[in-house]
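Q:
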Amino acid sequence: MTPTLVRQHLPRAGAVPRVDPRARARDWSEIQERMLVPLYEAVYARLDVGPATRLLGLGCGSGLALLMAVSRGAAVTGVDTSAERLDLARERLLPDGRDTRPGTADTRIVRGSPADAARADAPAYTVVTAFEPIGCRAGDAEGLGELLADAVPLAGRGAAVVLAGWGPPERCATASVLRVAAKLAEPLRGAGAWRPTDRDDLERVAARAGLRPDGSGRVACPFGYADVDSAVRGLESTGLFDPAVAATDQVQVDKELAEALHPHQRRDGTVWMPNVFRYLVARVP
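For the sequence shown, the UniProt record's numbering begins at 1 and goes up steadily by one.
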């Protein structure tokens, strides 16, 4: 929701969003990433992730989902393209600053594509996770398909591949806030623009990747923030508002996003938005 919640594609018009990638990565790690913890927990429990698991995390971001898998005994490899978020993942998982824990291959952080994580002598992965939810911006399904094309060959036969997506808009309070991004980014239509969620998004991606569906689930993942400022920073850290920043400016986006959040603000100043996310478990044939 990087990578995670969504991958930060730039608008096709060529404009570069005027954002600070390091600040955004820190906001993601400190504010937004935890919103998907119920999703991670539900998937790991369903798949019985533990010491026998070799997990490949696509779009691993700052590594919270990987850390949770490690706490269950899994060997993990995280892959992402964001240098800033991977720096934070290394702080969490590899505090000595290396990409691999000395003396073991149990924990690896790799910048690049899943193919860059391949090792000729390494056992096949038993679980592949793509926790970055699709279903809210144009081109996100295609981007996930490209990741899977590189990742699936690294997984063993019968391995579980987990795909995640936003639930129905009527079950996601944040959908009304995301429409602000769509309105402001209207001059830059194309990849990265907001789109309505389709209930069959995950199944289509799995079918194109040659995977066999093996069950699905829905998980409540409410977005809760200490105040409106934290909510603005957290939501902008997802990258969903970058096209809007490119089309207008940061001040206008901050202002309109804050206004859209007011209906979700409680009397004590906190912001609360109930959401439902969906996941699909598919198997490598």
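The beta-carbon is built from N, C-alpha and C at its ideal position, and this holds for glycine as well.
What residues are listed by DSSP as bridge partners for I109?
A: G78
Q: Rounded to a whole number of angstroms, what is the C-alpha to C-alpha distance between S230 and R34?
A: Roughly 13 Å separates the two Cα atoms.
Q: Which same chain residues, not among the five before or five after P222, have their C-beta less than 7 Å away from its C-beta?
A: W272, M273, P274 and N275
Q: Do you know how far the Cα of L47 is from the Cα of V70?
A: Those two C-alpha atoms are separated by around 14 Å.
Q: My parser needs the alpha helix (DSSP H) runs of 4 or more residues fully inside the segment 205-273; what are they?
A: 228-236, 242-247 and 250-261
Q: Drop a sphere of 10 angstroms on the beta-carbon of H262, count the other beta-carbons inside from all chains shown, and report buried for 16 or more, exposed for fewer.
A: exposed
Q: Alpha carbon to alpha carbon, how far is F277 from A182? Give it in angstroms, no decimals.
A: Rounded to whole angstroms, A182 to F277 spans 20 Å at the Cα level.
Q: Please classify residue 287: is it buried, with 16 or more other beta-carbons within 10 angstroms of its beta-carbon, or exposed?
A: It is not possible to answer for residue 287, since the shown part of the chain is limited to 1 through 285.
Q: Do A74 and L55 come within 9 Å of each other at the CB atom, strictly closer than that value?
A: yes
Q: Measuring only the C-alpha atoms, how far is G156 from L280?
A: 18 Å
Q: Have a look at G139 and V205 and give me their C-alpha separation to the nearest angstrom.
A: 12 Å
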